[in-house]
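Chemist: To start, I am sharing the structure in question, which I have written as structure tokens.
Protein chains in written order, with this note's numbering: chain A, 1 to 113; chain B, 114 to 227.
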């Protein structure tokens, strides 16, 4: 089936530290991959996406590269801020069309000043 | 307008009540989705509408009844819910069925069933 595995937190870092959140997906079909962020009490915001192998998605200093050989889509940021504290979800499309997303369990990121 | 709106923001209902959740988008998107999110869990897909037709029902109990009156609106009718149905209900939309289209999420309705 289709699944996404991501490291579970909480992940606690100091401000300006380097961030990596690991994400791997099952290699069924040709999924598009996404990172979403959820702040407390809110819905999900799209952070970045990649639709094919070797694509790099980037936004607000965050980056992730679609690695088909390792079935991975790790999220990175060079210098985190307190305002980056949130829950981050890695997700993949389930099939070829408008058929919804499968999410990882989410990683709670806490940035300390 | 790049927003998905949901009403109400919070809803408390008894197990015998009938209520409806509403979702609206004016981005011209032709695919709309309902997800359920329990506390500290990821969203789980419930229903997908594509071009106003129900295309996916993830074996959701019949006490949840979706409706798509037009391309901008999506409703979720609730009847005889159970306390375990308490959750955040998220609506999302995407441009169409093409591969790779990102989904835009609303802020959600936080439902409590007493």
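Heads up, the beta-carbon is just placed ideally off N, CA and C, and yes, glycines get one too.
Tell me, please, whether the CB atom of residue 63 of chain A is closer than 9 Å to any CB atom in chain B?
Modeler: Along the first chain, read from residue 1 onward, the residue named residue 63 of chain A stands at position 63. No, its Cβ sits nowhere closer than 9 Å to a Cβ of chain B.
Chemist: Just verifying my parser: in three-state terms, what is the DSSP assignment at residue 80 of chain A?
Modeler: Translated into positions along the first chain, residue 80 of chain A becomes position 80. Residue 80 of chain A: coil per DSSP, three-state reduction.
Chemist: Whether or not the stretch 54–74 of chain A and the stretch 22–41 of chain A are in contact is what I'm after, with contact meaning three or more pairs of Cβ atoms, one per stretch, closer than 8 Å; do they touch?
Modeler: Yes, since at least three Cβ pairs between the stretch 22–41 of chain A and the stretch 54–74 of chain A fall closer than 8 Å, the two stretches touch.
Chemist: Based on Cα-Cα distance, which residue from A:89, A:86, A:35 and A:79 lies nearest to residue 64 of chain A?
Modeler: Working through the first chain from its first residue, we reach residue 64 of chain A at position 64. Of the candidates A:89, A:86, A:35 and A:79, the one whose C-alpha sits nearest the C-alpha of residue 64 of chain A is A:35.
Chemist: Beta-carbon of residue 36 of chain A versus every beta-carbon of chain B: anything under 9 Å?
Modeler: Residue numbering aside, residue 36 of chain A sits at position 36 when the first chain is read from its first letter. At least one chain B Cβ lies under 9 Å of residue 36 of chain A.
Chemist: Between the stretch 212–225 of chain B and chain A, which residues of the former have CB atoms less than 9 Å from a CB of the latter, in chain order?
Modeler: Listed in sequence order: 212, 213, 214, 215, 216, 217, 218, 219, 220, 221 and 223.
Chemist: Is there a Cβ of chain B sitting closer than 9 Å to that of residue 73 of chain A, yes or no?
Modeler: What you label residue 73 of chain A is simply residue 73 of the first chain in a count that begins at 1. No, residue 73 of chain A does not count as interfacial toward chain B.
Chemist: From this set, B:150, B:155 and B:133, which residue's C-alpha is nearest residue 4 of chain A's C-alpha?
Modeler: Numbered from its first residue, the first chain carries residue 4 of chain A at position 4. Nearest option by C-alpha distance: B:155.
Chemist: As a quick exercise: from B:194, B:188 and B:197, pick the residue whose alpha carbon is nearest that of residue 205 of chain B.
Modeler: Locating residue 205 of chain B in the second chain gives position 92, counting from the first residue. Comparing Cα positions, the closest option is B:188.
Chemist: Can you list, in chain order, the residues of the stretch 39–61 of chain A whose Cβ is nearer than 9 Å to any Cβ on chain B?
Modeler: Answer in chain order: 41, 42, 43, 44, 45, 46, 49, 50, 51 and 52.
Chemist: How about residue 101 of chain A: is its C-beta nearer than 9 Å to some C-beta of chain B?
Modeler: In the first chain, the residue the question calls residue 101 of chain A occupies position 101. Interface residue, yes.
Chemist: By the DSSP assignment, the beta strand (DSSP E) with residue 222 of chain B in it spans what residues?
Modeler: In the second chain, counting from the first residue as 1, residue 222 of chain B sits at position 109. It spans 222–226 - the beta strand (DSSP E) in which residue 222 of chain B sits, taken as one unbroken run.
Chemist: Pull up the distance between the alpha-carbon of residue 170 of chain B and that of residue 183 of chain B, whole angstroms please.
Modeler: As a position in the second chain, residue 170 of chain B is number 57, starting the count at 1. As a position in the second chain, residue 183 of chain B is number 70, starting the count at 1. Approximately 18 Å between the Cα atoms of the pair.
Chemist: With distances taken from CA atoms, which of A:79, A:94, A:28 and A:48 is nearest residue 13 of chain A?
Modeler: Taking the first residue of the first chain as 1, we reach residue 13 of chain A at position 13. Looking at the Cα atoms, A:79 is the closest of the given residues.
Chemist: By a C-beta neighbour count over all protein chains shown, 10 Å radius and 16 as the cutoff for buried, is residue 161 of chain B buried or exposed?
Modeler: In the second chain, counting from the first residue as 1, residue 161 of chain B sits at position 48. Buried, by the Cβ-count rule.
Chemist: Buried or exposed: residue 89 of chain A, going by 16 or more other Cβ atoms within 10 Å of its Cβ?
Modeler: Within the first chain, residue 89 of chain A is the residue found at index 89, counting from 1. Its Cβ being crowded by 16 or more others within 10 Å, residue 89 of chain A is buried.
Chemist: Rounded to a whole number of angstroms, what is the C-alpha to C-alpha distance between residue 123 of chain B and residue 219 of chain B?
Modeler: To locate residue 123 of chain B, count along the second chain from 1; it is residue 10. To locate residue 219 of chain B, count along the second chain from 1; it is residue 106. Looking at the two C-alpha atoms, the distance is approximately 13 Å.
Chemist: Would you give the residue range spanned by the beta strand (DSSP E) that residue 123 of chain B belongs to?
Modeler: Position 10 of the second chain, counting from 1, holds the residue named residue 123 of chain B. Unbroken beta strand (DSSP E) run through residue 123 of chain B: 123–126.
Chemist: Near residue 191 of chain B, which residues of its chain fall below 6 Å by C-beta distance, leaving aside the five closest residues on each side in sequence?
Modeler: Taking the second chain and counting its residues from 1, the one referred to as residue 191 of chain B is at position 78. So the list reads 132, once near-sequence residues are dropped.
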